[in-house]
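Listed in order, the protein sequences are those of chains A, B and C.
Sequential numbering of the first sequence, starting at 60, is according to this note's numbering.
Sequential numbering of the second sequence, starting at 1400, is according to this note's numbering.
Sequential numbering of the third sequence, starting at 7, is according to this note's numbering.
By construction, the Cβ of each residue, glycine as well, lies at the ideal position given by its N, Cα and C atoms.
It should be emphasised that the depicted structure is a prediction, and the values quoted were computed from it without experimental measurement.
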Amino acid sequence: MEETLKIITGQGFWSPLLWLAAALGILLLAFFLWSRGRREYKRGTEQELPFLSGERAEDPRVGASHLYWGFVEALKPFLNGLRDWHSGVITDYVGWFVVILVVVLLLVL
Amino acid sequence: MSVHAPILAIAVPLLGGFAAPLLARIHRKVRDLWVLLVVFFSGACVGYVAAHILSSGIWVYVLGARNPQETLAPGGFPIRIMLTVDAMSAFMGLIAGFLALVAFPFALKYIPEEEGKTLALTLSLLLLAGILGLAYTGDLFNFFVFLEVTSIAACGIIGFRTWISRAPEAAFKTMVLFSLSGLFFLLASAFLYGEYGALNLAYLSAQIKGTLVDKLALALFLAGLIMKVAAAPVHFWAPDAYGEAPAAKTLLLVVNTQVSLYGLWRVLFTLYGGALSAGVGWLVTSLGLLTMVVAAFMALVQVDLGRLVAYGAVSQIGYMMLGVGVGLVTLAGRPDYGFVAMKGGIFHMLNDALTVGLLFLCVGAVEWTKGTRDLRELGGLGHGLPGVALCFLLASLALAGIPPLNGFASKILIYEGSFRLSPILAAVAVLASILLLAVFARAFHGAFLGPRAEVKEGLPWVFLLSMGALAVGILVLGLVPGFFVEELVAPAAKALWHGRALYLAAVLGG
Amino acid sequence: MIGNLPFVVCMILVALGLWTLIAKRNLVKLVIGMSLVTSGVNLFLVSLGYVRGGIPPIYTYAPAAAPMVLPTPQALTLTSIVIGVATTALMLAFVVVIYRHKGTLDVRKIRDLRG
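Take a look at the structure:
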């Protein structure tokens, strides 16, 4: 029975049920902390809107493509190179197959 | 009857696929019922075979002999084609059987009648037959034949929607690359046949010494199979193929790739068992790392939801290669952590099939509802499609390896096993997981969150049934991983790790 | 006398097919390159069965103690030829459909699926 509830890895074990018990404990703690908060804010007023550096916006929704703007901008050269590598031209793909073939031949022989 | 279960699992989808157009002439419902019957029967055979093997050991079925257990001709030489099913083959068969049971009902509702549904079902049944043939066979040339069967069926399914230009383009590119892989596999088997005069896997495995011809054959096997499993830098066909096939059929394509990966392990562990250099293990491991990283970064910048999930699927193959690659590197000394990593890699095949399958089914449901997969146009579907949104969230968390789901269970085994070999491996794997979590958070946000968008009414209940079956599988595998690791994965990993002698004895010893 | 020459020629044929697949830009020429690789592999398979001084592997009216060429590679090659036919037919079908959509057979212009 023991073996079915957890998996023995090399250095220890992983038991999802223990994890769930721990997560439940942490959730209870978080709920307790949240319940100690202030309740006297007014729903549905300006206090609930997101703060956009003092600007007003009708539809303050961030689209999916803008979510990681900073990360993607910083890696732009690398990502553009990666996209160009996936050129869509079938002859390039066969070329990479020949590269793998040569690498494997050199490795094994 | 039950003594013929392995061959029935392959033959019934094969014949059933060709009977489907004939039955469609009678009535469409007859064809639908027939397809479901065939898939259930094949699944039952697969389950029976797996149960038998896990209790009694390797099952050898000789085709064309009076007694299916009679492997050696008079003279002590195996001359017939045989199916050699050990624990690893049975494991792959189970994955294929379960995913077929989930994918076919979804496909029956998903593909519209006027788009050639009969032919799509025939091709899919052929693909299923080919996949099971690849998993069960014990003969090299038979492996090549089934490899080509799956290639042709898969490319037919990918290029199915000939009225848009993307699908035939994807199918042509995939066909060229699949054909090349198959031909190089055939060339490698021809080298081994020329050297030893046999095509039977077990007989060749006993004869291989490590001569120049053996090494050439190993190189050709590796080149062909590495392309078939979509490892970087020859993974280019996979995003096109997974993205353009009809959503339910992509599950079968994913299983096809995993069975090709099984073929690679069969060649490296069983066929070449002792005569390998550690360099091959390091090649597999480093290609796995490259695949993980390249696919995760490419998924970050996709706008098509289907292609994004496809890149996620490709990156998971990197994890499987990393896990079993660590086992390959340490095959000489066989330390414990090598076995742990192998268990992780093989367990990840099952988890990845369920997770990526669920993601593709969700993408299919979204496409069915909105008619588009472009993330810039989707949004706010969570209100109208709560079940689909929940399944997508569950599958994304599982793919990124968040506890307590099944992705974490296999990834912890891979991380711990590979960490003992080299910390860099585990570090890169964890970073790729984090990147994939970011990618799927973006996908979930873009498709499902936001102000309410109008959706087409009446999502078929079959969609939710199939998605629910996979979601339940993900949760069960995540919450009780020990059972599956001990009962299914450990015998499969053991069959590769030190089961070579048993494999040879089952075919040659009696 | 001929030694390994047939095998070397087959490898050269395969290499020429691979070169065609890399260097040519017309889709139909790519299919031709694919069929060159297939032909090379099939020739390799057939030439594996050669036995010096062998007769065809037919028992009827066979001389008493003559060596026969191996029949198995012939069966393998037939299977491979049939598979090659199916593959070529499927590839050409897709070429026709792509031409109908795009109006061109140049690989560099058929790049909708990139990035």
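C-beta neighbour in chain B for residue i, strict 9 Å
i, result
"S62/C", "It is Pro, not Ser, that sits at residue 62/C in the sequence shown. So, not an interface residue."
"A14/C", "Before going on, a small fix: residue 14/C reads as Val here, not Ala. Output row for V14/C: interface = no."
"I28/C", "no"
"T66/C", "no"
"L84/C", "no"
"V20/C", "yes"
"A123/A", "yes"
"L11/C", "no"
"V34/C", "no"
"P79/C", "yes"
Contacts that residue i makes with chain B (C-beta to C-beta distance below 8 Å)
i, result
"M40/C", "V1575, S1578, L1579"
"Y127/A", "L1699, A1837, R1841"
Chain C contact residues for residue i, given Cβ-Cβ distances below 8 Å
i, result
"R142/A", "R120, G121"
"S146/A", "R117, R120"
"G1555/B", "L96"
Interface flag, residue i vs chain A, CB-CB below 9 Å
i, result
"A1870/B", "no"
"V1612/B", "no"
"F1497/B", "no"
"L76/C", "no"
"D1904/B", "According to the sequence as given, residue 1904/B is Ala; it is not Asp. Not closer than 9 Å to any Cβ of chain A, the Cβ of A1904/B fails to qualify, so no."
"L24/C", "yes"
"G1877/B", "yes"
"V37/C", "no"
"P1802/B", "yes"
"V1827/B", "no"
"K1428/B", "no"
"F1490/B", "no"
C-beta contact flag for residue i and residue j at 9 Å
i, j, result
"A1808/B", "V1884/B", "yes"
"V1713/B", "T1690/B", "yes"
"I1510/B", "A1647/B", "yes"
"L1835/B", "A1892/B", "no"
"L76/A", "P1803/B", "yes"
"M1496/B", "G1442/B", "The amino acid occupying residue 1496/B in the given sequence is Gly; Met does not appear at that position. Yes; because the gap between Cβ atoms is below 9 Å, this pair is in contact."
"H1747/B", "Y1710/B", "no"
"I1557/B", "T1573/B", "yes"
"L1667/B", "V1679/B", "yes"
"V1/C", "V43/C", "Absent from the structure is residue 1/C, since the part of chain C shown begins at 7 and ends at 121."
Min CB distance residue i to chain C below 9 Å
i, result
"A1589/B", "yes"
"L168/A", "no"
"M60/A", "With a pLDDT of 49 at M60/A, under the threshold of 50, the modelled position of that residue is not reliable, and no figure is offered here."
"R1565/B", "yes"
"F1620/B", "no"
"L1598/B", "yes"
"E1512/B", "no"
Under 7 Å by beta carbon: chain B residues contacting residue i
i, result
"W73/A", "A1808, I1811"
"G69/A", "D1735, Y1736, V1739, E1815, G1816, R1819"
"L92/A", "The contacting residues do not exist; L92/A stays about 22 Å from chain B at best."
"V57/C", "Near V57/C there are no residues of chain B at all, since even the closest Cβ is about 12 Å away, more than 7 Å."
Interface residues of chain B facing residue i [CB-CB closer than 9 Å]
i, result
"V47/C", "L1582, F1583, L1585, L1586, A1589"
Beta-carbon neighbours of residue i, restricted to chain C and to distances below 7 Å
i, result
"D1639/B", "L119"
Residue i: contacting residues in chain A (beta-carbon distance under 8 Å)
i, result
"A1626/B", "It should be noted that the sequence gives Met, not Ala, for residue 1626/B. By Cβ distance, chain A contributes F156, I159."
Any chain E beta carbon closer than 9 Å to residue i
i, result
"G1475/B", "Checking the listed chains, one finds no chain E in this structure; the protein chains it contains are A, B and C."
Beta-carbon neighbours of residue i, restricted to chain A and to distances below 9 Å
i, result
"R1775/B", "G122, A123, S124"
"L1617/B", "V163, V167"
Interface partners of residue i on chain A, CB under 7 Å
i, result
"V1459/B", "Correct list: empty, because the minimum Cβ distance to chain A is about 30 Å."
**Message:** Short of 8 Å Cβ to Cβ, which residues in the region 90 to 114 of chain C face chain B?
**Reply:** A92, T93, L96, M97, F100, V101, V103, I104, H107, K108
**Asked** Along the region 1721 to 1740 of chain B, what residues have a CB closer than 7 Å to any CB found in chain A?
**Response** D1735, Y1736, V1739
**Message:** My parser needs the alpha helix (DSSP H) runs of 4 or more residues fully inside the region 1841 to 1881 of chain B; what are they?
**Reply:** 1860 to 1878
**Prompt:** Hey, which unbroken runs of the alpha helix (DSSP H) at 4 residues or more fall wholly within the region 1410 to 1495 of chain B?
**Reply:** 1427 to 1455
**Asked** Name the residues in the region 149 to 165 of chain A whose C-beta lies less than 7 Å from a C-beta of chain C; which are they?
**Response** I149, T150, V153, G154, V157
**chain B contacts from the region 77 to 88 of chain A (Cβ-Cβ distance under 7 Å)** = W78, L79
**Message:** To test your reading of the DSSP string, which unbroken alpha helix (DSSP H) runs of 4 or more residues are found completely within the region 1515 to 1598 of chain B?
**Reply:** 1516 to 1535, 1539 to 1557, 1565 to 1595
**Asked** Counting only runs that start and end within the region 30 to 107 of chain C, where is the beta strand (DSSP E) found for 3 or more residues in a row?
**Response** none
**Prompt:** Unbroken alpha helix (DSSP H) runs of length 4 or more, entirely within the region 1765 to 1842 of chain B: which are they?
**Reply:** 1785 to 1799, 1805 to 1820
**Message:** So within the region 1606 to 1665 of chain B, which uninterrupted alpha helix (DSSP H) runs reach at least 4 residues, ignoring any that extend past its ends?
**Reply:** 1611 to 1627, 1636 to 1643, 1646 to 1664
**Prompt:** Taking Cβ-Cβ distances below 8 Å as the criterion, which residues of the region 1647 to 1678 of chain B are in contact with chain A?
**Reply:** S1676, G1678
**Message:** Which runs of the alpha helix (DSSP H) at least 4 residues long sit entirely within the region 1683 to 1757 of chain B? Give them in chain order.
**Reply:** 1704 to 1728
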